[in-house]
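Residue numbers (our numbering): 72 to 361.
We treat Cβ as the ideally placed atom computed from N, Cα and C, and that holds for glycine.
This report concerns only the one structure given below.
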Amino acid sequence: MSTSRPSRRRRRSRQHAEGGHGPSHERWLLTYTDMVTLLMVLFIVLFAISVVDKKKFAELADGLAHQFGSTPKVLPAGTGVMDGGKTANHDQGQLTNNPDQPIAPISDAEQSHAQPSAQASASAAANAERETFLDAERRIEAALQAKGLADSVKFRVETRGLIVSIVTDQVLFDTGKADLRPIGRQVLDAIAPVLRGLPNDISVEGHTDNVPITGGPFASNWELSAIRATTVLRYLVSNDGLPEERMSATGYADTRPLVPNDTPEHRQQNRRVDIVVLSTLLTQAIGGSP
C-alpha cells in the first residue's frame with residue numbers, strides 16, 4: 072500500500088497541471104473579431120468618402136464656370152471606389168471645351184437669316200426715333216405759335232437728327248453782336264421744355280454769312296459764330312435747366328451756308344444758330360451721310 076500512494080499523487084498533480092488554467096484553443100477568435108471590426112469600419116469610411124453629391128458638384132462647377140465666363144462642361148461621374156475603382160465613365164461623355172477644337176462656322180443660310188432681322192430691328196428703332204423728332208417739332212412749333220414767334224424758327228430732320236434753326240437778325244442777336252435780345256430769350260424759353268424731355272445730346276452751332284467783319288470786338292466770323300453758339304448754350308443751361316453734360320457748342324463761320332450768299336435775303340438765311348438734337352439712328356431711316 073505504501074508503494075501505490077505516491078503514484079496516485081503524481082497522477083493527480085499531472086491532471087491538475089494540465090487542466091488548472093482551462094482550455095486555450097479558442098483565444099484566436101478575439102483577435103479575429105477585432106480585425107474584422109476594424110476592416111468593416113475602414114470600408115464604411117472608404118464608401119462614405121467615395122459617394123459624390125452630384126447636385127452640389129454641379130452647383131460648384133456651374134459657379135466656377137460663371138466666374139471664369141464660360142459654360143460648364145462636366146464629365147459624368149462614376150460610382151466611386153466601391154464600383155471597381157472607376158471615377159468617371161468615359162463611354163458616356165467627353166470634354167467639349169477643347170481649346171484646339173475648331174468652332175463650326177456659321178452657315179450662309181444662318182447669316183442671311185440673321186442679317187435681315189438685325190437690319191429690320193435697326194430700321195424700326197431709327198423710324199421710332201424719327202417719329203419722336205417729328206413729335207418734338209410739332210410741340211415746339213405749337214409753343215412758338217402760342218407766343219407769336221413761329222416765323223423765327225425753321226425745322227428739318229436730317230441724318231444728324233432734328234435741327235431747330237433760329238435766325239439771328241432781329242431775333243437772337245443784333246448785327247455783329249453776341250448779346251441775346253429779349254425776343255431771343257422768349258424763343259429759347261419756348262424751345263427748352265421740349266429739348267429737356269429728350270435724352271439725346273444737343274449741339275449748338277453758330278453760322279454767319281460770308282461778309283467779313285470790319286471793326287468791333289470780333290476778329291472774324293469764326294469768333295462771332297463761336298461766341299453766339301456759346302451764348303445760346305449758356306442760356307439754355309443756366310436759365311432753362313438743360314443738362315450741361317449733354318451740350319456742346321461750335322462756330323462754323325460761313326463754311327456751312329444753307330443757300331448761296333448771293334443776295335441779301337440768302338445771306339440773312341445763313342446768319343443763324345442751329346440747335347441740333349443729335350442721333351446715331353436716323354441714317355438707317357434716311358438716306359445720305361450726315
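Notebook entry, point to check: What separation, rounded to the nearest whole angstrom, lies between the Cα atoms of residue 292 and residue 274?
Noted result: For this step, residue 292 is matched to residue 221 along the sequence shown. For this step, residue 274 is matched to residue 203 along the sequence shown. Cα to Cα, the separation comes out at about 19 Å.
Checklist line | Interface flag, residue 105 vs chain B, CB-CB below 7 Å | finding: This model lacks chain B altogether, as it is built from one protein chain only.
Note to self: Please classify residue 303 as buried or exposed, where buried requires at least 16 other C-beta atoms within 10 Å of its C-beta.
What the structure shows: Position 232 of the sequence shown, counting from 1, holds the residue named residue 303. The residue is buried, with at least 16 neighbouring Cβ atoms inside 10 Å.
Notebook entry, point to check: So, residue 208 versus residue 226, is the Cβ gap smaller than 7 Å?
Noted result: By 1-based counting over the sequence shown, the position of residue 208 is 137. By 1-based counting over the sequence shown, the position of residue 226 is 155. Yes, they are a contact pair.
Check: Are the beta-carbon atoms belonging to residue 269 and residue 348 less than 7 Å from one another?
Finding: By one-based count along the sequence shown, residue 269 stands at place 198. By one-based count along the sequence shown, residue 348 stands at place 277. Contact flag set, yes.
Next item on the list: Alpha carbon to alpha carbon, how far is residue 189 from residue 256? Give it in angstroms, no decimals.
Entry: Along the sequence shown, one-based indexing puts residue 256 at 185. Along the sequence shown, one-based indexing puts residue 189 at 118. Their backbone Cα atoms lie some 44 Å apart in a straight line.
Check: Could you give the uninterrupted runs of the beta strand (DSSP E) lying entirely in the stretch 213–247, keeping only those of 3 residues or more?
Finding: 224–229, 232–238
Notebook entry, point to check: Just how far apart, CA to CA, sit residue 104 and residue 111?
Noted result: Locating residue 104 in the sequence shown gives position 33, counting from the first residue. Locating residue 111 in the sequence shown gives position 40, counting from the first residue. Counting only the Cα atoms, residue 111 lies some 11 Å from residue 104.
Next item on the list: Inspect the beta-carbon positions of residue 343 and residue 235 and report whether they are closer than 7 Å.
Entry: Translated into positions along the sequence shown, residue 343 becomes position 272. Translated into positions along the sequence shown, residue 235 becomes position 164. In this structure, residue 235 does not lie closer than 7 Å to residue 343 by Cβ.
Margin query: Buried or exposed for residue 325, going by 16 or more other Cβ atoms inside 10 Å?
Written below: Taking the first residue of the sequence shown as position 1, residue 325 is located at position 254. With 16 or more Cβ atoms within 10 Å of its Cβ, residue 325 is classed as buried.
Notebook entry, point to check: Which stretch, first to last residue, makes up the alpha helix (DSSP H) that contains residue 342?
Noted result: Reading the sequence shown from its first residue, position 271 is the one you call residue 342. The continuous stretches of alpha helix (DSSP H) do not include residue 342, and DSSP gives it neither H nor E.
Notebook entry, point to check: Can you tell me the Cα-Cα spacing of residue 320 and residue 290, whole angstroms?
Noted result: Reading the sequence shown from its first residue, position 249 is the one you call residue 320. Reading the sequence shown from its first residue, position 219 is the one you call residue 290. Approximately 19 Å, taken between the alpha carbons.
Margin query: Within 10 Å of its beta-carbon, does residue 345 have 16 or more other beta-carbons around it, so buried, or fewer, so exposed?
Written below: Position 274 of the sequence shown holds residue 345. Around the C-beta of residue 345, 16 or more other C-beta atoms lie within 10 Å, and the residue is accordingly described as buried.
Item checked: Proximal residues to residue 247 (C-beta, below 6 Å), its chain only, five neighbours per side dropped -> In the sequence shown, counting from the first residue as 1, residue 247 sits at position 176. Taken in chain order, the residues that qualify are 287.
Notebook entry, point to check: Rounded to a whole number of angstroms, what is the C-alpha to C-alpha distance between residue 204 and residue 299?
Noted result: Locating residue 204 in the sequence shown gives position 133, counting from the first residue. Locating residue 299 in the sequence shown gives position 228, counting from the first residue. Their Cα atoms are separated by approximately 25 Å.
Check: Just checking my contact of residue 231 with residue 278 at CB under 8 Å: how many whole Å lie between their CB atoms?
Finding: Translated into positions along the sequence shown, residue 231 becomes position 160. Translated into positions along the sequence shown, residue 278 becomes position 207. The Cβ separation is near 14 Å, so there is no contact.
Next item on the list: Select from 312, 335, 295 the residue whose C-alpha is nearest the C-alpha of residue 250.
Entry: Locating residue 250 in the sequence shown gives position 179, where the first residue counts as 1. Of the candidates 312, 335, 295, the one whose C-alpha sits nearest the C-alpha of residue 250 is 295.
Checklist line | Classification of residue 262 by the beta-carbon crowding that lies within 10 angstroms, buried from 16 upward | finding: As a position in the sequence shown, residue 262 is number 191, starting the count at 1. Looking at its Cβ environment, which holds 16 or more other Cβ atoms inside 10 Å, residue 262 is buried.
Item checked: Rounded Cβ spacing between residue 210 and residue 265 (contact assumed at less than 8 Å) -> For the purposes of this step, residue 210 is taken as the residue at position 139 of the sequence shown. For the purposes of this step, residue 265 is taken as the residue at position 194 of the sequence shown. The beta carbons of residue 210 and residue 265 sit about 5 Å from each other, so the pair counts as a contact at 8 Å.
Notebook entry, point to check: DSSP on residue 324, reduced to helix/strand/coil?
Noted result: As a first step, residue 324 is located in the sequence shown; it is residue number 253 there, counting from the start. The three-state secondary structure of residue 324, taken from DSSP, is coil.
Margin query: I'd like the span of the beta strand (DSSP E) that includes residue 273, first residue to last.
Written below: As a working note, residue 273 is residue 202 in the sequence shown. Counting along the chain, the beta strand (DSSP E) containing residue 273 begins and ends at 273–278.
Check: Taking just the CA atoms, how far does residue 254 sit from residue 228?
Finding: Taking the sequence shown and counting its residues from 1, the one referred to as residue 228 is at position 157. Taking the sequence shown and counting its residues from 1, the one referred to as residue 254 is at position 183. Computed Cα separation, rounded: 25 Å.
Notebook entry, point to check: Which residues mark the beginning and the end of the alpha helix (DSSP H) in which residue 121 is found?
Noted result: As a working note, residue 121 is residue 50 in the sequence shown. Where residue 121 is concerned, the enclosing alpha helix (DSSP H) stretches over 99–121.
Note to self: Need the endpoints of the alpha helix (DSSP H) that residue 249 sits in, please.
What the structure shows: Locating residue 249 in the sequence shown gives position 178, where the first residue counts as 1. Where residue 249 is concerned, there is no enclosing alpha helix (DSSP H), given that its DSSP letter is neither H nor E.
Item checked: Cα-Cα separation, residue 301 to residue 196 -> Locating residue 301 in the sequence shown gives position 230, where the first residue counts as 1. Locating residue 196 in the sequence shown gives position 125, where the first residue counts as 1. About 32 Å.
Check: Relative to the C-alpha of residue 281, which residue among 218, 341, 192 is closest?
Finding: Position 210 of the sequence shown holds residue 281. Ranking the options by Cα distance to residue 281, first place goes to 341.
Notebook entry, point to check: Under 7 Å, do residue 224 and residue 215 count as touching if we go by C-beta distance?
Noted result: On the sequence shown, residue 224 is found 153 positions in, with the first residue counted as 1. On the sequence shown, residue 215 is found 144 positions in, with the first residue counted as 1. Contact: yes.
Margin query: For residue 102 and residue 116, I'd like the C-alpha separation in whole angstroms.
Written below: For the purposes of this step, residue 102 is taken as the residue at position 31 of the sequence shown. For the purposes of this step, residue 116 is taken as the residue at position 45 of the sequence shown. Roughly 22 Å separates the two Cα atoms.
Margin query: DSSP three-state label for residue 309, please.
Written below: Taking the first residue of the sequence shown as position 1, residue 309 is located at position 238. Three-state DSSP puts residue 309 in a helix.
Next item on the list: Determine the DSSP secondary structure at residue 282, reduced to helix, strand or coil.
Entry: Taking the first residue of the sequence shown as 1, we reach residue 282 at position 211. Residue 282 falls in the coil class under three-state DSSP.
Next item on the list: Can you grab the Cα-Cα spacing for the pair residue 297 / residue 351, in whole Å?
Entry: On the sequence shown, residue 297 is found 226 positions in, with the first residue counted as 1. On the sequence shown, residue 351 is found 280 positions in, with the first residue counted as 1. Rounded to the nearest angstrom, the two C-alpha atoms are 24 Å apart.
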